[in-house]
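S.K.:
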Amino acid sequence: MPLVLNEEQNMLRDSAKDFCTNSAPIAQFRQLRDDKIEAGFDQQTWQQMIELGWTGITVPEEFGGLGFGFLGLGVVLEECGRTLTASPLLSTAIGAAAIADGGSGEQKSALLPKVAEGELLLALAVEESAHHNPYGAATRAEKAGSTYQVTGKKTFVIDGNVADKLIVVARTSGNAGDRDGLTLLLVDRQSAGVTVTKTIMTDSRNAANISFDGANGELLGAEGNGADLLDRTLDVARILLSAEMLGGTQECFERTVEYLKVREQFGSPIGSFQGLQHRASVMFCEVEMSKSVVLEALSALDDPDDIAELASLAKTRLNDTFNLVSAESIQMHGGIGMTDEYDIGFFMKRSRVCEAAFGNSSFHRDRYATIQGY
């Protein structure tokens with residue numbers, strides 16, 4: 004597959020870059036954090052993103068979307084990552100992918116147009132412990148007529164405090180750890196039996212711990228055979244998050260290179276010191292390799308080929324690269340890099356939260372090795 008952007012995708016990137024730089028800069032994120040905005044994102048900015056059509060980028064045209072594919076959304080998320088723009092775009096896109104892949108014709112017709120119009124926010128509720136374990140769901144779902152009653156707890160639900168509907172991974176048979184018996188269900192966040200506790204993560208973004216006590220759920224996909232749909236949905240999440248992480252990595256690196264050019268020590272720019280040049284060169288190489296991996300992974304989502312393998316490869320590489328670049332950036336900025344007043348620290352915090360989401364490097368190295376037959 005060609006690892007280049009077409010004209011439409013380049014235009015989308017340019018539009019996203021202009022919007023994020025001028026309408027959603029890091030200064031806005033800092034203000035959101037300081038003001039402790041309940042939603043965790045700026046409503047006016049989100050409305051502008053809807054008007055730009057971003058919520059419909061991956062939604063098929065037959066359901067009112069733009070049909071630009073995941074590569075189109077990836078370039079937008081990359082620019083959002085550069086400015087640390089907070090929004091429910093990623094979580095809703097993940098949920099929409101699950102509905103598009105596993106939903107009935109009626110569900111797609113009812114929900115996807117609302118996603119495209121920005122009228123429906125979604126969140127994936129999969130985690131139940133401190134470690135990523137997709138098949139470890141102990142949350143139960145019991146059939147009750149035409150619906151299911153969901154009982155259990157979920158943690159680290161990204162944007163779970165603002166989502167209109169939750170896509171809940173539950174178990175209709177078997178035991179925690181079994182691949183068989185998993186079922187995905189749509190649950191209204193505000194329905195009876197759902198209790199949402201907002202949490203603020205290290206990077207000042209919102210997530211939620213959610214408990215279900217007999218909450219009504221609507222089947223998404225096949226009962227007891229939801230593992231394949233879950234795998235596909237999580238791989239979409241991993242690749243899209245990797246695209247956002249790539250944007251943060253590049254911005255962090257570029258800010259550091261600029262600092263090396265202007266900060267002087269002993270009468271010379273510190274970028275002239277060979278030791279720092281070597282470290283910056285390593286960062287550059289890692290960033291360039293990450294660009295290629297993310298582009299290939301995004302392309303694979305639109306033209307399915309080795310998605311699981313590429314998802315784990317992309318997430319592992321961006322976990323490692325974002326952590327490396329953000330940590331090195333703090334060090335190369337010296338004392339000022341440790342201060343809250345300087346923006347570079349936000350990238351390090353974001354890298355740590357992103358690493359934990361949808362599987363850390365250890366999880367994905369093990370998964371990649373298994374796929375390769377080791």
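Okay, so the sequence shown: first residue is 4 according to our numbering, each after it adds one.
We put the CB at the ideal spot given by N, CA and C, even for glycine.
All of these numbers come straight from a predicted model, not from anything done at the bench.
1) State the CB to CB distance for the pair T236 and D104, rounded to an integer number of angstroms; the pair is presumed to be in contact (CB under 8 Å).
2) Out of V199, G224 and T205, which one is the CA nearest neighbour of N212?
3) Might you give, ordered along the chain, the residues of its own chain that have their beta carbon closer than 7 Å to the beta carbon of L232, omitting 5 neighbours on each side?
4) Going by Cα to Cα distance, which pick from G338, E291 and D306 is closest to F325?
5) Which same chain residues end up closer than 6 Å to H135 when comparing Cβ atoms and leaving out the 5 residues on each side of it in sequence?
6) Our contact map puts A317 next to V296 with C-beta atoms below 8 Å; I'd like the distance itself, whole angstroms only.
7) What is the rounded straight-line gap between the Cα of D309 and the Cα of Y371?
8) Can you list, in chain order, the residues of its chain with a C-beta nearer than 6 Å to that of T142? Leave out the 5 residues immediately preceding and following it.
9) Check each candidate in V260, D37 and T88 and name the one with the smallest Cα separation from A27.
10) At what residues does the beta strand (DSSP E) containing Q193 begin and finish?
11) Does DSSP classify R379 as helix, strand or coil?
12) Among residues of its own chain, excluding the 5 on either side of L176, which ones have a beta-carbon nearer than 6 Å to its beta-carbon?
13) So, with DSSP's three-state summary, where would you put Y377?
14) Could you tell me how far apart the beta carbons of F73 and T61 are, in whole angstroms, since I believe they sit closer than 8 Å?
15) Excluding sequence positions up to five away, which residues of its chain have a Cβ less than 7 Å from the Cβ of W57?
16) Which of the three DSSP states, helix, strand or coil, is assigned to L55?
17) Where are the alpha helix (DSSP H) runs, 4 residues long or more, that stay fully inside the region 286-338, in chain order?
18) Excluding the 5 residues flanking E358 on each side, which residues of the same chain have their C-beta closer than 8 Å to its C-beta?
19) Taking three-plus beta-carbon pairs below 8 Å as touching, is the region 145-159 in contact with the region 203-218?
20) Among G376, M335, N178 and D37, which has the Cα closest to the Cα of A400?
21) Given this structure, state the Cα-to-Cα distance separating A303 from L313, to the nearest angstrom.
22) Compare the Cα-Cα distances from E2 to each of C83, I203 and P116 and report the closest residue.
23) Counting only the same chain and skipping the five closest in sequence on each side, list residues whose C-beta sits under 8 Å from that of L35.
24) Please classify D17: is it buried, with 16 or more other beta-carbons within 10 angstroms of its beta-carbon, or exposed?
25) Following the continuous beta strand (DSSP E) through T95, name the residue where it begins and the one where it ends.
26) So, do the region 106-113 and the region 276-283 have three or more beta carbon pairs nearer to each other than 8 Å?
27) Over the uninterrupted beta strand (DSSP E) stretch that includes N363, give me the two end residues.
28) For V199, which three-state DSSP category applies?
M.R.: Inspection of the coordinates gives the following:
1) Taking the sequence shown and counting its residues from 1, the one referred to as residue 236 is at position 233. Taking the sequence shown and counting its residues from 1, the one referred to as residue 104 is at position 101. About 7 Å separates the two Cβ atoms, so the contact holds.
2) In the sequence shown, counting from the first residue as 1, residue 212 sits at position 209. It is V199.
3) The residue given as residue 232 occupies position 229 in the sequence shown. Result list for L232: A101, D104, G105, L187 and G224, in chain order.
4) Here residue 325 refers to the residue found at position 322 of the sequence shown. Comparing Cα positions, the closest option is E291.
5) Position 132 of the sequence shown, counted from the first residue, corresponds to residue 135. Answer for H135: G362 and F366, listed in chain order.
6) Residue mapping note: residue 317 aligns to position 314 of the sequence shown, counting from 1. Residue mapping note: residue 296 aligns to position 293 of the sequence shown, counting from 1. Contact flag correct, Cβ pair sits at about 5 Å.
7) Residue mapping note: residue 309 aligns to position 306 of the sequence shown, counting from 1. Residue mapping note: residue 371 aligns to position 368 of the sequence shown, counting from 1. Going by the C-alpha atoms only, they are around 11 Å apart.
8) Sequence index remark: in the sequence shown, residue 142 carries index 139 (1-based). The residues are G155 and A173.
9) As a first step, residue 27 must be located in the sequence shown, where it is residue number 24. Checking every option, the nearest Cα to that of A27 belongs to T88.
10) In the sequence shown, counting from the first residue as 1, residue 193 sits at position 190. No beta strand (DSSP E) holds Q193; DSSP gives it neither H nor E.
11) In this structure the chain extends from 4 to 377, so residue 379 is not present and cannot be described.
12) Indexing the sequence shown from 1 puts residue 176 at position 173. Checking the sequence, you will find Ser at residue 176 rather than Leu. These residues qualify, in order along the chain: G184 and G227.
13) For the purposes of this step, residue 377 is identified with residue 374 of the sequence shown, where counting begins at 1. Three-state result, Y377: coil.
14) Within the sequence shown, numbered from 1, the residue matching residue 73 stands at position 70. Within the sequence shown, numbered from 1, the residue matching residue 61 stands at position 58. Yes, they are in contact, since the Cβ atoms of F73 and T61 sit about 6 Å apart, within 8 Å.
15) To locate residue 57, count along the sequence shown from 1; it is residue 54. Answer for W57: V79 and L92, listed in chain order.
16) Locating residue 55 in the sequence shown gives position 52, where the first residue counts as 1. In the structure shown, L55 sits in coil (DSSP, three-state: anything other than H, G, I, E or B).
17) 310-336
18) As a position in the sequence shown, residue 358 is number 355, starting the count at 1. Taken in chain order, the residues that qualify are N322, F325, N326 and S364.
19) Touching, yes, given that three or more Cβ pairs across the two stretches are closer than 8 Å.
20) Examination of residue 400 is not possible in this model, given that the chain is present from 4 through 377 alone.
21) What you label residue 303 is simply residue 300 of the sequence shown in a count that begins at 1. What you label residue 313 is simply residue 310 of the sequence shown in a count that begins at 1. So the two alpha carbons sit approximately 8 Å from each other.
22) In the structure displayed, the chain extends from 4 to 377; residue 2 sits before or after that span and is not available.
23) The sequence position of residue 35 within the sequence shown is 32, counting from 1. Counting only Cβ-Cβ distances below 8 Å, and skipping sequence neighbours, we find G43, F44, D45, A89 and S207.
24) Here residue 17 refers to the residue found at position 14 when the sequence shown is read from its first residue. When all chains shown are included, D17 counts as exposed.
25) Sequence index remark: in the sequence shown, residue 95 carries index 92 (1-based). It is not in any beta strand (DSSP E) - T95 instead sits in the alpha helix (DSSP H) that spans L92 to G105.
26) no
27) For this step, residue 363 is matched to residue 360 along the sequence shown. First-last for N363: undefined, no H or E at that position.
28) Taking the first residue of the sequence shown as position 1, residue 199 is located at position 196. The answer is strand: DSSP assigns V199 an E or B state.
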